Every structure is written in C-alpha cells, then in structure tokens.
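Q: Those protein sequence lines, which keep their order, are chains Z and P. Going by the numbering used here, the first residue of the first sequence is number 49, and it counts up by one from there. Going by the numbering used here, the first residue of the second sequence is number 49, and it counts up by one from there. Below you will find the structure I want to go over with you.
Protein chains: 2
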Amino acid sequence: MREGPDIARIASLVGDPARANMLNALMGGTALTASELALEAGVSLPTASSHLSKLMEGGLLTLASQGRHRYYGLASAQVAGMIEAIIGVAEAVGPKRVRPGPRDAAMRVARVCYDHLAGEQAVAMLDRLFDRKLLLREDNEIRLAPSGASHFTALGIDIHAKARRPVCRACLDWSVRRSHLAGTLGAAILDKIIAEKWARREKDSRAVVFSPKGRQEFERMFLA
Amino acid sequence: MREGPDIARIASLVGDPARANMLNALMGGTALTASELALEAGVSLPTASSHLSKLMEGGLLTLASQGRHRYYGLASAQVAGMIEAIIGVAEAVGPKRVRPGPRDAAMRVARVCYDHLAGEQAVAMLDRLFDRKLLLREDNEIRLAPSGASHFTALGIDIHAKARRPVCRACLDWSVRRSHLAGTLGAAILDKIIAEKWARREKDSRAVVFSPKGRQEFERMFLA
DNA sequence: CGCATGGTTCGATCCTCATCGAAGCATTCC
DNA sequence: GGAATGCTTCGATGAGGATCGAACCATGCG
C-alpha cells in the first residue's frame, strides 16, 4: 500500500501542536536554541528535546552547534514553503477563529519570550526604536546605534549586563508575525519593566500585565 | 499560546496514513466514494467514514451527494497545492526509500483497485487501448470507440454486465501516478483475468499475481 | 579540578485516537 | 411495500506517542 514519498510521516511531524509552534517560531529565519523553542512551544525542555530529535530525523531541521549552544533552524526554503502552504490552508478553512479568552488577549498584548518582551507592545517598541534611530537595521541583523548606547545607559539600562550574547537580535512574534527585540538589550529592558514594577508576570503564564501607571511610563520611554 | 491559524490541526489531518492515502488518491481530481477511498487506504468502511468526517470538518474535502452515492473530492486547489508541497518535502528528505518488500513489488505491478485492475500492468494496458483506438480520450473522460465495442464483445467481455455505471472511467494510479481504466469495462476485464485464471488475488492483500502463462495471454490480448 | 549551565536520555504515566464489528439510516430498485 | 446497497454511528479495544521528573553527558568558567 505504501508508495513513494511518505507524506503522512512529514505531515504528522507538523501535526503536533508543540512541534508546529516550534516550526512556526523558526519561520522567521532565525535559528533558536532548544530552551527558546521549549518556551515558545510551552513545553518542558525534555519534551522539546524529544520533538527536536524527531524533527531532525525527519529532515525538517538543521543543527548548528556553537559552543554549548545548539541552534536549530529550518532545513530549507522548501520546508518553509510547505509550512507556508499549510498556514494558508489553515487560515482559509479556519475563520471559525476561537474566541480569545482574557488570558489570550493579555498574551497578545505583552508576554515574556525567553528573557525579553514579546507581543504587540514589543513589536511597537521595536518599530519606534528604529524610527528614533536608536537602533539600526543591517540586513537581517539589528545593531545598536551610537546614540542608542548613550540613550539606554542614561535610562539606567545596562546593556552589557549579560555579556557573550548579542546585544540586539530580532525575534519573530507569534501573534503579530513581525519581529520584536531580543538579545541582551531586550532582556535588560524587560528587567527594567519588572524592576520598576511597571508590569507583573501573570502566574503560570507568559502574559505580562502592565499597570495603568506602568504602561504610561513604558509608553513615554519607548513608544513616544 | 495559540495564535491565528491552527496549523497543527490541518497538518495532523494529513498526518494519519489512512487519511494521507485518501488525499493522495483524490489528487487525481476525480471525486471518489467512501468505499473506493476505504479500499485505497486499506481500511474498513467505518474507519474510512470516520476519517472522511474529520477531513470534512477540517475543511479539506467537499461532498457531492448523487443518489445514494456520496462523492468526496478535494476542497480546493489550495488544498491540493498544500499536499503537493508536503509531497515535495517528503520526496526531498526521503531518499532513505524503504526497500520494497516482495509484497510491495507485486502491488506495484498489478493490484485490485475497487473492482478493476491497477498498477503498472493496468497503466500500460490503458495506454495500448488508446494506441489501438479501441478507446478514445475526450477531455477528461474516456469513451468506448465503435471498434472497441465489437472488439471486447468478441473477446467475451460483457461491457454491460453491471449497468448504471459509466463504462469507462479514468482512475489515478498510486504507484505510477498515471491513469488506469476503471468503470464497467475495467471491472469486466478484471473479471475475465480472474475467470480465465490468468492471475490470482494474493490473500489479505490487493496484489494480483499473474501466472507465467496467464501473463502471456494477458499481454497478447491487451498489450500487443 | 570543581561548579554552573545548556541539552539529552531514561522511565513511568497517561490520554488521545485509529480501528473494526455490529447495528442503524437512507436511498434506490423491483 | 420489501429487499438490497451505500454509508454512517456506536461501542469497545488497543496501541502509539506526548509529557515530565530525575538522572545523566558536555561544554565553558573560575
């Protein structure tokens, strides 16, 4: 009964929610580590690792080891194209969009992504930082502008707090499907938001909820 | 954690072997009945029915009721395109082609498809019947030529044995991915092959195994 | 060297879902 | 109407696989 290509095998790899989330997160083109993918998928590290082995074995991912980090990325543009095609069908047949619960709504606005902020707020912030020339786009990379370095330092944000990681990195946003800011700067900004008590993390969730005053402060500093 | 389109849902629909086989069978563009799809997928009718409900609910199929027959077809070209994309990836990552067992090899050569013959033999036969102008292509349909009618009657093949079904129909071949002959004529030819003992059906399989002498007879009559 | 951190493997648990037989509908034929 | 055919629903069974905690490797840091 089996014929040529085993399409069920490939499709079932994408057919698990956790794996689908990982693949979706990788659609931005940026390779991610197992920990990051575990957080994005909302599963534990062992579970994520198991999924990643399967995706590797299925030929959907490539792996680049750098020191003790292992960066997973999509194997090819063909794989990305397949996922796009599936997304297209899912969008076409799924106008039965599930009513987003309050939790989900909060997540869409702002949530933690690994160690930095994600969601509409984060995407808007990155846009503004570009507008204000505090950050610069270079190909697919993000660089800190000279004016930006002094700016963030003046705000009390220590950019080099956690060295040995890139200062700026783009990270594709789930809900908005556009990039937000990762890297040590992204992490430092999230740290400041929490330290200043502008927002608190929702328990057992990745949602980040701003207080009215905190939101004002945040918008004044990053969205102005 | 859920965002817009539920890609895992769609992918998992394709990710079951039985459903994948059904979808693959429908890639020829011909709508098929539940029974035919059950045979193609190698599952029982209840199982097939359950799968078809799921595919319908997922929006991948359309249903056209004609009398007591229910014809299932792919919902859209977009769905077909998605399946093509998945097939492409499966072919690209799967040069680890499983060694075809003897059973599989036999299936590729000749097997039963519903009530008619499929496989390399069947595809070759249809080609020859066109060459000899016993059948005529008309758009996507197949018609019995006048010379064909008398020809088959002379061979002792009763074309009208099971009336109320089209005499000729194209059916996409799994292993060869080209059409073979279905319809009452296709069924009558298979009946003759079995009746003349040119071949026997493999137990618990769809494979059709020709005897050396039977193959000679068959080739003389249909592949000459 | 020992410690910390990023990842994987192992083992046990649990749950979803594919499967089929039997029974039930629906439609058509006689 | 009654019988036959095509298909679906129901119920019970079983297997695959997703999940996580704990233990185990590997790499880099002091």
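Even for Gly, the Cβ is constructed at its ideal location relative to N, Cα and C. Note that this is a predicted model, so its numbers are computed, not measured.
Let me know if H117/P comes out buried or exposed under the rule of 16 or more other beta-carbons within 10 Å of its beta-carbon.
A: Counting Cβ neighbours within 10 Å, H117/P comes out exposed, since fewer than 16 surround it.
Q: Please give me, in chain order, every unbroken run of the beta strand (DSSP E) with length at least 3 that falls completely inside the stretch 72-130 of chain P.
A: With a minimum length of 3 residues, the continuous beta strand (DSSP E) runs that stay inside the stretch 72-130 of chain P are 109-114, 117-122.
Q: Do you know how far the Cα of E88/Z is from the Cα of A166/P?
A: One C-alpha to the other measures close to 47 Å.
Q: Would you say Q169/P lies against chain Z (beta-carbon separation less than 8 Å)?
A: Cβ-Cβ to chain Z under 8 Å: no for Q169/P.
Q: Quick one: grab the DSSP three-state call for V215/Z.
A: Three-state result, V215/Z: coil.
Q: Mind pulling the alpha helix (DSSP H) runs of 4 or more residues that sit fully within the stretch 158-183 of chain P?
A: DSSP runs (the alpha helix (DSSP H)) wholly in the stretch 158-183 of chain P: 168-179.
Q: What is the rounded straight-line gap between the Cα of I131/P and the Cα of L229/P?
A: The alpha-carbon atoms of I131/P and L229/P are separated by roughly 25 Å.
Q: Let me know the secondary structure DSSP gives S195/P once reduced to three states.
A: Helix.
Q: Using a Cβ-Cβ distance under 8 Å, would A56/P count as near chain Z?
A: Yes, A56/P counts as interfacial toward chain Z.
Q: Distance check for M75/Z and C216/Z, CA to CA, integer angstroms please.
A: Answer to the nearest angstrom: the Cα atoms are 19 Å apart.
Q: Give me the residue from I241/Z, P53/Z, E267/Z, S98/Z with the minimum Cα distance to R67/Z.
A: The shortest Cα separation from R67/Z among I241/Z, P53/Z, E267/Z, S98/Z belongs to S98/Z.
Q: Would you call L93/Z buried or exposed, if buried means 16 or more other Cβ atoms sit within 10 Å of its Cβ?
A: So L93/Z ends up on the exposed side.
Q: At a CB distance below 9 Å, what residues from the stretch 112-142 of chain P approach chain Z? Give them in sequence order.
A: Of all residues in the stretch 112-142 of chain P, A123, S124, Q126, V127, G129, M130, I131, E132, A133, I134, I135, G136, V137, A138, E139, A140, V141, G142 have a Cβ within less than 9 Å of some Cβ in chain Z.
Q: Checking the sheet assignment: what are the DSSP bridge partners for A255/Z?
A: Looking at the DSSP assignment, A255/Z forms a beta bridge with R159/Z.
Q: So, are the CB atoms of Q126/Z and A140/P less than 8 Å apart?
A: Yes, these two residues count as a Cβ contact at 8 Å.
Q: Name, please, each residue of chain Z whose Cβ falls closer than 9 Å to the Cβ of S60/P.
A: Ordered by position in chain Z, the residues that pass the 9 Å Cβ test against S60/P are A59, S60, V62, G63, D64, P65, A68.
Q: In the DSSP assignment, what residue or residues form a beta bridge with S60/Z?
A: DSSP, once it has assigned bridges, lists no residue as partnering S60/Z.
Q: Whole angstroms is fine: what's the gap from E84/Z's alpha carbon to P65/P's?
A: Near 31 Å, if we compare the C-alpha coordinates of P65/P and E84/Z.
Q: Decide if P53/P is buried, meaning its Cβ has at least 16 other Cβ atoms within 10 Å, or exposed.
A: With 16 or more Cβ atoms within 10 Å of its Cβ, P53/P is classed as buried.
Q: Relative to the C-alpha of A255/P, which residue among G142/P, S113/P, Q169/P is closest?
A: When each option's Cα is compared against that of A255/P, the closest is Q169/P.
Q: Check the Cβ of G234/Z against every Cβ in chain P and list those closer than 8 Å, keeping chain order.
A: Here the premise fails: no neighbours, minimum Cβ distance about 20 Å.
Q: Compare the C-alpha of R159/P against each of E267/P, L61/P, R248/P, R57/P and name the closest.
A: Closest option to R159/P, Cα to Cα, is R248/P.
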